[in-house]
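*Asks:* Here the working numbering runs 96 ahead of the position in the sequence shown, where the first position is 1. Cβ atoms here follow ideal geometry from the backbone N, Cα and C, with glycine treated the same way. One structure coming up, written as structure tokens, with questions to follow.
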Amino acid sequence: MHISSLPSKFGIGDLGPESYKFAQLLEKSKQHYWSILPLSPTSFEGGNSPYQTCSAFAGNPLLISPEKLVEKRFLPKEIKKTMAVPQSSKVNYKEAYLQKELMLRRAFAKLKQHQLMFNDKRCFEAFMLENGFWLDDYALFMALKAKTGMPWHTWPATLRLREPEALAKENQELTDEIAYQKFVQYIFFSQWSELKAFCKEKQIRIIGDMPFYVAYDSADIWANQELFSLDKQSKPRFVGGVPPDYFSEDGQLWGNPVYEWRRMEKAGFEWWLKRVDYGLKVYDLLRLDHFRGFVAYWRVSGTAKNAREGRWVKTPSKPFFACLKANFPALPFIAEDLGVIDAPVKEAVKALGIPGMKVLLFSFDDRDDNPHRVASHPQNVVVYTGTHDTNTARGWFANEASSKQKANFFKQIGKKVTEAEVGFEMVKLALSSQAKLSILPVQDALGLGKDARMNRPSSAFGNWEWRATPKQLMLKNFERLSNVTVQEGRD
């Protein structure tokens, strides 16, 4: 359940009261983990995807709660009425981007007018100091985008190539906008830290998702161009994706410049270590998205129209994983080992000793060796009914499953059920697995259909919009989940 999918009065779910209510709902329903999507900034240009972000470190301003800002006296009470957006089952991104920007500009004005308490200013300064390793580049990047209205690779060469004199000049001229961008990040992470602390009190751990790539138009690539596959004009030589698969006949062409892994290795994988370390401060567990990319990645020409014509390129995975182990010996990771998984990827997951993923929606074919079948699950895995990239269980059954898959589903659960019951039967099946952890999309716990799907990987727009309504998130709708959780010994 991503933060954006929560109810709110402001067009998109946020870190306000409804997020605390949801944490309480999890506690009362005997759940101990809350799995979310990346908290990264989104954009219209990136299809509002948290996986196409301008920063691997920054938080999404859209998720900042106006109500929490009023509570902290950053904004007046009346703003809750003037900013209100009618509640719906879809995120209103257009209104949310507009309203949150106006709200945050108004809060920043109070900072400039010295109307904030001394303690707020002191905390802000401490935040800037602690996060300077990413925040300084990010804030300047965002300020330059606001000034130019253009992606960084089209900026004048002096800025595109980060010549020190040009950067110093812009830092001086854009002081106010840079301070604003830093202030927004301070607000976001202050609110997130409070919610995470509340979850900890409720014995709920947060599972975050770390995207494998970052967007081409990102502060990370602009600030670290030598670590990415770019030509002399800063255009991508090669981009990432995956070959034709379950989701698309043409494969998935993501468009993200691929990494220069050998240069990263020479630098001691410093960029990755900073990113992982930061992620583990933000979340309790990290799901490593596209894990197979750490072993070998699908490389496509930067001018390709689809991902069909590409090739697998090996990475220095063994030294990278050794570095990961040395720096994070507890290895609080989940490997997203889905897609084209070969022996080297399986060996890497096994060698690290971290759990991989099993997805029940993939388990109902006739293959006896299907690793997603409940009967085939080892303990050291995480079982999902489905993911943010799949249909809901009910939507799959009604619109995608073949008659054979439906028959196999009925066989596994030991009975025939109506379409309306498929979602929760899938939940029960996941909870019955011997997998150490079971993650259940809230859509399946509620038995929702295809309209509640979060993402369609082969479609660039119209995704990441689903939201739950307050009525759906009432405790009575989760009593069955609570009971089955207890019955399966997962409470």
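How should Ser464 be labelled, buried or exposed, when 16 other C-beta atoms within 10 angstroms of its C-beta is the threshold for buried?
*Replies:* Looking at the sequence shown, residue 464 is not Ser but Asp. Counting Cβ neighbours within 10 Å, Asp464 comes out exposed, since fewer than 16 surround it.
*Asks:* With distance defined between alpha-carbon atoms, name the residue in Ser472, Val338, Lys298 and Lys196 nearest to Phe284.
*Replies:* Of Ser472, Val338, Lys298 and Lys196, the residue nearest in Cα terms is Lys196.
*Asks:* Is Val478 helix, strand or coil when you go by DSSP?
*Replies:* Looking at Val478 - three-state DSSP - the assignment turns out to be strand.
*Asks:* At 4 residues or longer, what runs of the alpha helix (DSSP H) sit wholly inside the region 118-205?
*Replies:* Qualifying alpha helix (DSSP H) stretches, in chain order: 162-167 and 175-178.
*Asks:* With distances taken Cα to Cα, identify the nearest neighbour of Asp313 among Gln530, Pro137 and Asn551.
*Replies:* Checking every option, the nearest Cα to that of Asp313 belongs to Pro137.
*Asks:* In its own chain, which residues sit with a C-beta less than 8 angstroms from the C-beta of Leu456, not counting the 5 before and 5 after it?
*Replies:* Excluding positions up to five away in sequence, the list reads His468, Val470, Val479, Tyr480, Thr481, Gly482, Ala489, Met522, Leu525 and Ala526.
*Asks:* Going along the chain, which residues of its own chain have a beta-carbon closer than 8 angstroms to the beta-carbon of Arg404, five neighbours each way excluded?
*Replies:* Hits under 8 angstroms: Pro339, Pro340, Asp346 and Gly347.
*Asks:* Between the Cα of Val409 and the Cα atoms of Leu133, Ser397, Leu165 and Met199, which residue gives the shortest distance?
*Replies:* Nearest C-alpha to Val409: Ser397.
*Asks:* Can you check which of these residues, Val310, Trp350 and Lys278, is closest to Trp368 by C-alpha distance?
*Replies:* The candidate whose alpha carbon is nearest that of Trp368 is Val310.
*Asks:* Just the Cα atoms here: how many angstroms apart are Ser325 and Gly364?
*Replies:* Answer to the nearest angstrom: the Cα atoms are 18 angstroms apart.
*Asks:* Under DSSP, the alpha helix (DSSP H) around Asp233 begins and ends at which residues?
*Replies:* Gly228 to Thr244 is the span of the alpha helix (DSSP H), which, as asked, contains Asp233.
*Asks:* The alpha helix (DSSP H) spanning Trp288 covers which residue range?
*Replies:* Note, Trp288: alpha helix (DSSP H), Thr271 to Glu297.
*Asks:* Which residue's Cα is closest to the Cα of His98: Lys446, Arg563, Arg218 and Ala180?
*Replies:* His98 has its Cα closest to that of Arg563, out of Lys446, Arg563, Arg218 and Ala180.
*Asks:* Drop a sphere of 10 angstroms on the beta-carbon of Val580, count the other beta-carbons inside from all chains shown, and report buried for 16 or more, exposed for fewer.
*Replies:* Val580 should be labelled buried.
*Asks:* With a threshold of 7 angstroms on Cβ separation, who are the neighbours of Gln475 within its own chain once the five nearest residues in sequence on each side are excluded?
*Replies:* So the qualifying residues of the chain are Gln530, Ala531 and Lys532.
*Asks:* Could you check where the beta strand (DSSP E) with Ala392 kicks off and where it finishes?
*Replies:* Where Ala392 is concerned, the enclosing beta strand (DSSP E) stretches over Ala392 to Ser397.
*Asks:* Below 8 angstroms on the Cβ atoms is my contact criterion, and I expect Tyr393 with Val441 to pass it. Report the Cβ-Cβ distance as a whole number of Å.
*Replies:* The pair is not a contact, with the Cβ atoms about 11 angstroms apart (cut-off 8 angstroms).
*Asks:* I need the straight-line Cα distance from Pro146 to Gly337, nearest angstrom please.
*Replies:* Distance between the alpha carbons of Pro146 and Gly337: 16 angstroms.
*Asks:* Mapping DSSP to helix, strand and coil, what is Lys454?
*Replies:* Strand.
*Asks:* Leaving out the 5 sequence neighbours to the left and right, which residues in its chain are closer than 6 angstroms to Trp492 when beta-carbon positions are compared?
*Replies:* Excluding residues within five positions, the ones whose Cβ falls inside 6 angstroms are Leu457.
*Asks:* Give a yes or no on contact between the region 168-188 and the region 101-116, applying the rule of three or more CB pairs nearer than 8 angstroms.
*Replies:* In short, these stretches touch, since the Cβ pair count reaches three.
*Asks:* Which of the three DSSP states, helix, strand or coil, is assigned to Val409?
*Replies:* In the structure shown, Val409 sits in a strand (DSSP, three-state: E or B).
*Asks:* Mind checking who Pro353 pairs with in its DSSP beta bridge?
*Replies:* Answer is Val335, bridged to Pro353.
*Asks:* For the candidate residues Gln127, Leu427 and Gly155, whose alpha-carbon lies nearest to that of Ser139?
*Replies:* Considering only alpha carbons, the answer is Gly155.
*Asks:* My output table needs one value for Leu207: the three-state DSSP class, helix, strand or coil.
*Replies:* Leu207: helix per DSSP, three-state reduction.
*Asks:* State the DSSP-derived secondary structure class of Phe429, mapped to helix, strand or coil.
*Replies:* Phe429 falls in the strand class under three-state DSSP.
*Asks:* Which residues share a DSSP beta bridge with Phe324?
*Replies:* Tyr355, per the DSSP bridge assignment.
*Asks:* Ignore the nearest five residues each way along the sequence and tell me which others in Glu322's own chain have a CB closer than 8 angstroms to its CB.
*Replies:* Here the set comprises Glu356 and Arg359.
*Asks:* In three-state DSSP terms, what is Arg463?
*Replies:* Correct three-state label for Arg463: coil.
*Asks:* Please name the residue or residues paired with Gln329 in a DSSP beta bridge.
*Replies:* Partner(s): none; Gln329 has no beta bridge.
*Asks:* Out of Asn551, Phe416 and Phe387, which has the shortest C-alpha to C-alpha gap to Met453?
*Replies:* It is Phe387.
*Asks:* Following the continuous beta strand (DSSP E) through Arg301, name the residue where it begins and the one where it ends.
*Replies:* It spans Arg301 to Met306 - the beta strand (DSSP E) in which Arg301 sits, taken as one unbroken run.
*Asks:* Going by beta-carbon coordinates alone, are Gln277 and Ala235 separated by less than 7 angstroms?
*Replies:* Yes; because the gap between Cβ atoms is below 7 angstroms, this pair is in contact.
*Asks:* With a threshold of 8 angstroms, are at least 3 pairs of Cβ atoms found where one atom belongs to the region 294-307 and the other to the region 374-383?
*Replies:* Taking 8 angstroms as the limit for Cβ pairs, the verdict is that the region 374-383 does touch the region 294-307.
*Asks:* With distances taken from CA atoms, which of Lys567, Leu577, Leu571 and Trp560 is nearest Tyr87?
*Replies:* Since the first residue of the chain shown is 97 and the last is 587, residue 87 is not available in this structure.
*Asks:* Do you know how far the Cα of Gln127 is from the Cα of Phe520?
*Replies:* Distance between the alpha carbons of Phe520 and Gln127: 16 angstroms.
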